[in-house]
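Q: In this note's numbering, the protein residues as written are 926 to 1090. We treat Cβ as the ideally placed atom computed from N, Cα and C, and that holds for glycine.
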Amino acid sequence: MKIQYIVITGLCLMALAVMPVQAFTMKSLAITVDQSGAAQIDMQYDLNFIEQTAVFFRIADPAQELQSAFNSASSKPVTVTSATSSSSQILVPSYASIAEKDGSTVMTTPSLSFERAEAVLKNYWFAPLVSPDFSPAVTTVTFPDGYQERFYDQISIPAVTHQVA
C-alpha cells in the first residue's frame, strides 16, 4: 500500500514539474464611458494554478490590486463590483473629462498603464515562478454614442479624445 502512495506522489510531482508555467494573462479590457464621464471597466484574464492558489488563500487579491491601480488614476474612489479568478468589473466615477467645444461635447479618457500592477506582482513570493502579461490582447474604449477605439497588445493605453455625436 505504501508503494502505491509513493508511485502516485511521484507521478504528481512529475506532472507538476513538466506543467507549463503560464502566468497572469490579460485577455481583454473593455472601458465603457457613460454621459457623465463615469466608466465601467470589464477585464478578462487567465490565472495559472499558483496564482489561483494565492488568490484562494488571500495572499494576492486581484480586486484590491485593481482598486489601488485605478484609485491612483482617479480623483474619486473606484468600486470593484466583481472580481473572480477570470474577470473583474470596476466602476470609475469621473473617468473621462468632459468639455464643451463649438456646441458639442468632447470627452477625453486618461492614459492607463498596467506597468505598476506588473511591478507589484513581481513582489509576491511566487514571482520567480511566473511571467505575467499585463498587456491586454485587445482594449476597447467605447463612448456614449457608440464610437470605439481599439488597441492591441499594449501595456499602456494612451488617452483617447472623442467628440460625442
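Taking the DSSP output, what are the residues bridged to K1001?
A: Paired residues: none, contrary to the question.
Q: Please tell me whether I966 and I1023 are closer than 7 Å, where the distance is taken between their beta carbons.
A: Against a cut-off of 7 Å, the Cβ pair of I1023 and I966 comes out as no contact.
Q: Closer than 6 Å by C-beta to F1039: which residues in its own chain qualify, once you throw out the five before and the five after it? Chain order, please.
A: Counting only Cβ-Cβ distances below 6 Å, and skipping sequence neighbours, we find F1059, I1080.
Q: Using a Cβ-Cβ cut-off of 8 Å (strictly less than) and excluding sequence neighbours within five positions of E1074, which residues of its own chain qualify?
A: Closer than 8 Å at Cβ, skipping near neighbours: T1065, V1066, V1085, H1087.
Q: What three-state label does DSSP hand A1021 in the structure shown?
A: Three-state DSSP puts A1021 in coil, outside helix and strand.
Q: What number of angstroms, rounded off, separates the C-alpha of T1004 from the C-alpha of P1018?
A: Their Cα atoms are separated by approximately 9 Å.
Q: How big is the Cα-Cα spacing for S1036 and S1010?
A: Each residue's Cα considered, the two are about 26 Å apart.
Q: Does DSSP classify A1090 as helix, strand or coil?
A: DSSP places A1090 in coil when its eight states are reduced to three.
Q: Cutting at 6 Å between CB atoms, please list the residues of its own chain near I984, excluding the five before and the five after it.
A: Because I984 sits at a pLDDT of 48, beneath the cut-off of 50, its placement in the model cannot be relied upon, and the following sentence gives the value as read from the coordinates. Within the same chain, I984 has no close Cβ partners at all.
Q: Looking at the secondary structure, which residues open and close the beta strand (DSSP E) in which Y1072 lies?
A: No beta strand (DSSP E) holds Y1072; DSSP gives it neither H nor E.
Q: Does the Cβ of A1042 have 16 or more other Cβ atoms within 10 Å, making it buried, or fewer, making it exposed?
A: A1042 is buried by the Cβ-count criterion.
Q: For Y1077, count neighbouring C-beta atoms within 10 Å of its own C-beta (all shown protein chains included) and say buried if the count is 16 or more, exposed if not.
A: Classification for Y1077: exposed.
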